[in-house]
Amino acid sequence: MQSFTNDLGRGFTPSLRLVLLIVVLVAMAVATAQASATRDPGEYFFDQTFGDFSEELQTARDEGKRGVLLMFEMDECPFCHRMKTTVLNRPEVQDYYKEHFLVFPVDVEGDIEITDFEGTTMPQKDFALKGLRVRATPVFAFFDLDGNMVGRYTGATRNAEEFMLLGRYIVEGAYQDTTFTKYKREQEGAGQ
214 MQSFTNDLGR GFTPSLRLVL LIVVLVAMAV ATAQASATRD PGEYFFDQTF
264 GDFSEELQTA RDEGKRGVLL MFEMDECPFC HRMKTTVLNR PEVQDYYKEH
314 FLVFPVDVEG DIEITDFEGT TMPQKDFALK GLRVRATPVF AFFDLDGNMV
364 GRYTGATRNA EEFMLLGRYI VEGAYQDTTF TKYKREQEGA GQ
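Note that this note's numbering numbers the sequence shown so that position 127 is 340, with each residue one more than the last.
Have a look at this one:
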């Protein structure tokens, strides 16, 4: 082993060895950064809207989506922040949800006028509280292409894997036969 170490360094000056070491360390850092890359959820997870959800349903139909996902949030919500910085910023989460849903944020304290799925106009906060009884954040509400709520999850998921499972629960139509808790237990038991 001693001769191997000596042979490895033979012909390299100490400064050249230092440069090679730095190059290797930089390459490892770049590879690690690329493996754990994240993207801004504002740009890659949420879709742009003028706030007319009845119109967005038609857009979802036209684009072959499964439905619309609304994330009810507020600025001071630490769980909303955690979801955005640990789950919704993950490329695999963004890609999966963008494939199957149009996704929009709704500010539960917002005064911006929106039009709900039935065509009624009201401030975001009234839509959240009076229309859907959102009392905590975040709330992820899934709507089918007819504007019917088919799933609702309150709070932050444990991790990105659980949020992906929530998406599959809706996409596969499992919400019609079982609760998310049972579905999750079955999937985890099956090694999914």
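Backbone N, C-alpha and C define an ideal beta-carbon position, used for all residues, glycine too.
These numbers were taken from a predicted model, which means no experiment stands behind them.
8 Å CB neighbourhood of residue 216 in its chain, flanking five on each side removed: Locating residue 216 in the sequence shown gives position 3, where the first residue counts as 1. Low local confidence applies: a pLDDT of 46 at residue 216 is under 50, so the model's placement there is unreliable, with the coordinate-based value given in what follows. Closer than 8 Å at the Cβ level, and outside the excluded window around residue 216, lies no residue.
Let me know if residue 341 comes out buried or exposed under the rule of 16 or more other beta-carbons within 10 Å of its beta-carbon. In the sequence shown, residue 341 corresponds to position 128, counting from 1. Residue 341 should be labelled buried.
For residue 353 versus residue 280, is the C-beta spacing smaller than 9 Å? Taking the sequence shown and counting its residues from 1, the one referred to as residue 353 is at position 140. Taking the sequence shown and counting its residues from 1, the one referred to as residue 280 is at position 67. It is not a contact, given that the beta carbons lie outside the stated cut-off.
Evaluate residue 379 with the Cβ neighbour count: other Cβ atoms within 10 Å of its Cβ, from every protein chain shown; 16 or more gives buried, anything less gives exposed. In the sequence shown, the residue the question calls residue 379 occupies position 166. Result: buried.
Looking only at C-alpha atoms, which of 277, 309, 272 and 285 sits nearest to residue 258? Here residue 258 refers to the residue found at position 45 when the sequence shown is read from its first residue. Measuring from the Cα of residue 258, the nearest candidate turns out to be 309.
Assuming residue 334 and residue 326 are in contact, meaning their beta carbons sit under 8 Å apart, how far apart are those beta carbons, in whole angstroms? Along the sequence shown, read from residue 1 onward, the residue named residue 334 stands at position 121. Along the sequence shown, read from residue 1 onward, the residue named residue 326 stands at position 113. The pair is a contact, with the Cβ atoms about 6 Å apart (cut-off 8 Å).
Expressed to the nearest angstrom, what Euclidean distance is found between the alpha-carbon atoms of residue 361 and residue 369? Residue numbering aside, residue 361 sits at position 148 when the sequence shown is read from its first letter. Residue numbering aside, residue 369 sits at position 156 when the sequence shown is read from its first letter. About 23 Å.
Nearest residue (CA-CA) to residue 365, options 328, 372, 347 and 374: Residue mapping note: residue 365 aligns to position 152 of the sequence shown, counting from 1. Comparing Cα positions, the closest option is 347.
Which residue's Cα is closest to the Cα of residue 292: 254, 371 and 363? Residue mapping note: residue 292 aligns to position 79 of the sequence shown, counting from 1. Checking every option, the nearest Cα to that of residue 292 belongs to 371.
Under the three-state DSSP convention, the category residue 383 falls into: On the sequence shown, position 170 is the one that residue 383 refers to. The answer is helix: DSSP assigns residue 383 an H, G or I state.
Separation of residue 388 from residue 296, as counted between CA atoms: As a working note, residue 296 is residue 83 in the sequence shown. As a working note, residue 388 is residue 175 in the sequence shown. Computed Cα separation, rounded: 22 Å.
With distances taken between CB atoms, is the gap from residue 330 to residue 260 smaller than 9 Å? Here residue 330 corresponds to residue number 117 of the sequence shown, with the count starting at 1. Here residue 260 corresponds to residue number 47 of the sequence shown, with the count starting at 1. In this structure, residue 260 does not lie closer than 9 Å to residue 330 by Cβ.
Look up residue 340 in the DSSP assignment and say whether it is helix, strand or coil. Counting from 1 along the sequence shown, the entry for residue 340 is found at position 127. Helix at residue 340.
Alpha carbon to alpha carbon, how far is residue 274 from residue 253? Give it in angstroms, no decimals. As a first step, residue 253 must be located in the sequence shown, where it is residue number 40. As a first step, residue 274 must be located in the sequence shown, where it is residue number 61. If I take the Cα positions, the gap works out to 26 Å.
Which listed residue (392, 305 and 376) has its alpha carbon closest to that of residue 363: One-based indexing of the sequence shown puts residue 363 at position 150. Closest by alpha carbon: 392.
Please name the residue, chosen from 313, 339, 338 and 336, that lies closest to residue 386 on a Cα-to-Cα basis. Taking the first residue of the sequence shown as 1, we reach residue 386 at position 173. Answer by Cα proximity: 313.
On the DSSP bridge list, what partners appear for residue 315? Indexing the sequence shown from 1 puts residue 315 at position 102. Residue 315 pairs with 281.
Grab the span of the alpha helix (DSSP H) containing residue 396 for me, first residue to last. Residue 396 sits at position 183 when you count from the first residue of the sequence shown. Looking at the DSSP string, the run of the alpha helix (DSSP H) that includes residue 396 is 393-402.
DSSP on residue 266, reduced to helix/strand/coil? Stepping through the sequence shown from its first residue, residue 266 is reached at position 53. Reduced to three states, the DSSP call for residue 266 is helix.
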